[in-house]
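*Asks:*
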Amino acid sequence: MRTGDLEEFRGFAQERLVHLRRTAYLMCGDWHHAEDITQTALAKLYSVWGRRRRIQNLEAYAHRVLTRTCVDHMRRRWRREQPSCVLPDRAEPCMDPALGLQVRAALAVLPPRQRAVVVLRYWADLDIAATAAAMGCSVGTVKSHTARALDRLRSLLGDHADADTFEALAPSTTPTSSAPSADSTRGKAALR
-6 MRTGDLEEFR
4 GFAQERLVHL
14 RRTAYLMCGD
24 WHHAEDITQT
34 ALAKLYSVWG
44 RRRRIQNLEA
54 YAHRVLTRTC
64 VDHMRRRWRR
74 EQPSCVLPDR
84 AEPCMDPALG
94 LQVRAALAVL
104 PPRQRAVVVL
114 RYWADLDIAA
124 TAAAMGCSVG
134 TVKSHTARAL
144 DRLRSLLGDH
154 ADADTFEALA
164 PSTTPTSSAP
174 SADSTRGKAA
184 LR
């Protein structure tokens, strides 16, 4: 890899690392696994970085690699580490910590592909087409996974399944822009 390419990759990785790690966490529910998944996804991106000019949307491609890596990781039932009851050193900032825990617990119940669809659509704020591209499936599959996942989340969350439910998951700052996208209100309203 040329020096310029290496610097470009470093810049991309540093800019997107926090967002990719948070997205991986919401998909898998464990910070340690999320870091492993993010590192693996970045290594896969690095291996194709020389061909990045042929990739039309590098952000969507990064989400696709991350999603596939996470789904592959979740399919493996055997894991090297066992979860513990020890809390992380610092809490993730959110509006209501209890609601955030409930939503994350509800996400953990979903199958990996449904969880990935919910995270990509309503947390990463991707539209249906971008989510389909990131997951490598059809738009219809994204819609059906979304409908099933939201039905399941509504049944699990009960009274908490309102427009503010995913506010507890939202990042404190959006890495790519500070303005909310047009899809963000649609995603939150879908839980009504």
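Going by our numbering, the first residue of the sequence shown is number -6, and it counts up by one from there.
Positions of the beta carbon are idealized from the N, C-alpha and C atoms, including for glycine.
Pick helix, strand or coil for ASP120, following the three-state DSSP scheme.
*Replies:* Counted from its first residue, the sequence shown places residue 120 at position 127. DSSP places ASP120 in coil when its eight states are reduced to three.
*Asks:* What separation, rounded to the nearest whole angstrom, lies between the Cα atoms of THR33 and ALA122?
*Replies:* In the sequence shown, the residue the question calls residue 33 occupies position 40. In the sequence shown, the residue the question calls residue 122 occupies position 129. When rounded, the distance between both Cα atoms is 25 angstroms.
*Asks:* Suppose you measure from the CA of TYR115 to the CA of ALA126; what does that come to, to the nearest Å?
*Replies:* Mapped onto the sequence shown, residue 115 falls at position 122. Mapped onto the sequence shown, residue 126 falls at position 133. Taking the straight line from one Cα to the other gives about 16 angstroms.
*Asks:* Report buried or exposed for LEU113, applying the criterion of at least 16 other Cβ atoms within 10 angstroms of its Cβ.
*Replies:* Here residue 113 corresponds to residue number 120 of the sequence shown, with the count starting at 1. The residue in question, LEU113, is buried, as its Cβ has 16 or more Cβ neighbours within 10 Å.
*Asks:* LEU103 by DSSP, collapsed to three states: which one?
*Replies:* Taking the first residue of the sequence shown as 1, we reach residue 103 at position 110. Coil at LEU103, not helix or strand.
*Asks:* Mind checking whether VAL64 and PRO105 have CB atoms under 8 angstroms apart?
*Replies:* Counted from its first residue, the sequence shown places residue 64 at position 71. Counted from its first residue, the sequence shown places residue 105 at position 112. Yes. Within cutoff.
*Asks:* Relative to the ligand FAD, is the shortest distance from any of its heavy atoms to the C-beta of ALA36 smaller than 7 angstroms?
*Replies:* Inclusion of the ligand FAD in the displayed structure is not the case, the ligand content being empty and no account of it being possible.
*Asks:* How would you write the range of the alpha helix (DSSP H) that LEU38 sits in, first residue to last?
*Replies:* Taking the sequence shown and counting its residues from 1, one reaches residue 38 at position 45. Taken as a continuous stretch (DSSP letters only), the alpha helix (DSSP H) holding LEU38 covers 24 to 40.
*Asks:* Measuring alpha carbon to alpha carbon, tell me which of SER137, ALA6, LEU94, HIS66 ends up nearest VAL111.
*Replies:* The residue given as residue 111 occupies position 118 in the sequence shown. It is SER137.
*Asks:* Specify, as a first and last residue, the run of the alpha helix (DSSP H) that GLY43 falls within.
*Replies:* Along the sequence shown, one-based indexing puts residue 43 at 50. Unbroken run through GLY43: none, as it is neither H nor E.
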